[in-house]
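Please read the structure below before turning to the comments.
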Amino acid sequence: MTSGNPQSADETALLELRKEFPILERSVYLISNSLGAMPRGVYNATREYCDVWASRGVRAWEEQWWDMARVVGDEIGQLMNAQPGTISCHQNVTQCEAIVGSCLDFSGKRNKVVYTEMNFPSVMYFWEAQRTLGARIEMIKTEDDVTVPLQKVLDAIDEETLIVPISHVFFRSAYIQDARAIVEKAHKVGALVLLDCFHSVGTMPVDVQALGVDFATGGVLKWLCGGPGTCYLYVRPDLAKTLKPKLTGWVAHEKPFRFDIGATQYTNDTAYRFMNGTPNIAALYCARPGLKIIREAGMERIRAKSKRQTEILIKLADERGWTVKTPRDREQRGGTVSIDLPNGKEICAELLKRDVVVDFRYKAGLRMSPHFYTTDEELHAAVTAVEEVSE
Ligand SMILES: Cc1ncc(COP(=O)(O)O)c(C=O)c1O
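The sequence shown begins at 10 in my numbering and counts up by one.
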């Protein structure tokens, strides 16, 4: 059953896309949870960036660069059913969360920030730092390093909660949080939800409108095969107009090229209202080929294949008596399987030498992430390599 044969016509079509990724010719690449494979098209995209810069110089801004963050934002938005013009692009997720944080006032009674221990630490560091501005932090702990009890999260969200910045899919264990339930509770008591979709958008269908989230963030470098430097911030359009980020700059000004002195006049255009300084144009060029391939692959097809292949990995791990730190219920599991082995860090280093590309995280173990381009044979090869190296 787990031969290299794809299981359906959909999967055959997905495997056709392998040729777009040079690294797949020389390695078993199971690391989309960290850095997705580079599409071949990025060479041309980078050349196009250089050609435009070389030939058009400063005129490039007016001719195409100024609008690029919005255009790429809309391309990302299509993958999460965000309305056009509701996404701005930024350097990283921590910055996106900081922009949201800068819209908030922690001086009143409603000053509580609720998140879980399984959030990505970088964003925790940002929210922790808001204590100096009056924020109270309530962090819900994991009891098994895989999940966090939903009821405990819901119970912590109360009338004094200002915002709930949480991960949709946990980076350590790939557990999918019930974002809908969390948003419902938050909105019932007047709190906001900021959903970190780094490990959901690109591995599974996400609909920010159906979820009703106030903000969503994530980046293209992992599952969207878009390289470092492009992250996205979605803001619910009706809410956007009422927010005034203190982390702001001239790109968010109503008339940026008037260079007015003094306080800013925020634009009502959501894509720009949450931006600040000059966008990272080179990174935006690099992001586009991957986004095009992901659109072509289709989120439903990617998700179906991911469920099947993560199940294969779990089965192979079980057969060898390895500890799996990922939900067994496929509906609660994102795209990664974490396998906790003694000496996991050393095993990981050996695997990399053999061109089996995975990573190791404390309290998770080896993280393995099949993506739409992964064959079943590669899963078997990776597991065999782990076995050989462990011995
Ligand atoms: C869930 C999640 N959020 C955020 C980040 C990264 O944050 P930043 O873009 O600020 O480096 C990661 C991982 O690299 C992550 O797994």
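C-beta: ideal position from N, C-alpha, C; glycine also.
Residue i, buried or exposed, once every other Cβ within 10 Å from all chains shown has been counted against 16
i	result
lysine 354	exposed
serine 378	buried
glutamine 186	buried
phenylalanine 266	exposed
alanine 54	buried
threonine 384	buried
lysine 197	exposed
arginine 140	exposed
alanine 138	exposed
cysteine 59	exposed
tyrosine 124	buried
glycine 271	exposed
asparagine 128	buried
threonine 345	buried
glycine 13	In this predicted model, glycine 13 has a pLDDT of only 48, less than 50, meaning its place in the structure is not dependable; the value taken from the coordinates is given anyway. Exposed is the call here.
threonine 212	buried
arginine 337	exposed
proline 48	buried
tyrosine 52	exposed
lysine 28	exposed
Endpoints, beta strand (DSSP E) assigned at residue i
i	result
arginine 145	145-149
threonine 125	121-125
leucine 201	201-205
histidine 99	96-99
Simplified DSSP assignment, three categories, for residue i
i	result
alanine 225	strand
aspartate 19	helix
arginine 47	It should be noted that the sequence gives methionine, not arginine, for residue 47. Correct three-state label for methionine 47: coil.
valine 215	coil
valine 398	helix
valine 422	Nothing can be reported for residue 422, as the shown portion of the chain is limited to 10 through 400.
leucine 26	helix
Rounded straight-line distance, which links the Cα of residue j to that of residue i
i	j	result
isoleucine 96	serine 347	31 Å
glutamate 152	threonine 335	13 Å
alanine 200	lysine 314	36 Å
cysteine 98	threonine 239	6 Å
leucine 113	proline 254	8 Å
tryptophan 232	aspartate 167	34 Å
glutamate 263	alanine 249	14 Å
glutamate 396	valine 192	43 Å
glycine 66	glutamine 73	12 Å
threonine 393	arginine 189	39 Å
glutamate 147	serine 182	21 Å
alanine 69	leucine 203	34 Å
alanine 261	threonine 273	8 Å
proline 246	proline 93	10 Å
tyrosine 371	glycine 307	32 Å
leucine 300	alanine 373	29 Å
threonine 11	glutamine 104	Summary for threonine 11: the model assigns pLDDT 42, below 50, so the residue's position carries little reliability, and this model does not support an answer.
phenylalanine 283	phenylalanine 268	18 Å
histidine 380	asparagine 120	40 Å
lysine 150	leucine 361	32 Å
tyrosine 281	arginine 79	8 Å
tyrosine 184	isoleucine 303	22 Å
valine 81	alanine 296	8 Å
threonine 257	glycine 228	20 Å
glutamate 400	valine 217	46 Å
arginine 56	glutamine 16	38 Å
threonine 251	alanine 391	50 Å
valine 244	glutamate 169	22 Å
valine 37	tyrosine 275	48 Å
cysteine 206	glycine 330	32 Å
threonine 226	arginine 363	34 Å
methionine 89	serine 111	24 Å
alanine 107	phenylalanine 135	7 Å
proline 237	tyrosine 294	11 Å
valine 61	glutamine 100	22 Å
alanine 291	proline 31	21 Å
Host alpha helix (DSSP H) of residue i (start-end)
i	result
tyrosine 294	290-306
glycine 4	Since the displayed the chain opens at 10 and closes at 400, residue 4 lies outside it and no answer follows.
aspartate 76	75-86
tyrosine 58	50-65
cysteine 105	102-110
threonine 33	Residue identity check: residue 33 is leucine in the sequence provided, not threonine. Premise fails: leucine 33 is in no alpha helix (DSSP H) and is neither H nor E.
valine 210	Looking at the DSSP string, valine 210 is not in any alpha helix (DSSP H), and its letter there is neither H nor E.
Enumerate, from N- to C-terminal direction, the unbroken alpha helix (DSSP H) stretches of 4 or more residues contained entirely within the segment 231-287. Taking only runs of at least 4 residues, the alpha helix (DSSP H) segments lying wholly in the segment 231-287 are 246-249, 279-282.
Within the segment 317-394, ranges of the beta strand (DSSP E) (whole runs, at least 3 residues): 346-349, 368-370, 374-377
Which residue spans inside the segment 139-191 form an unbroken alpha helix (DSSP H) run of at least 4? 159-165
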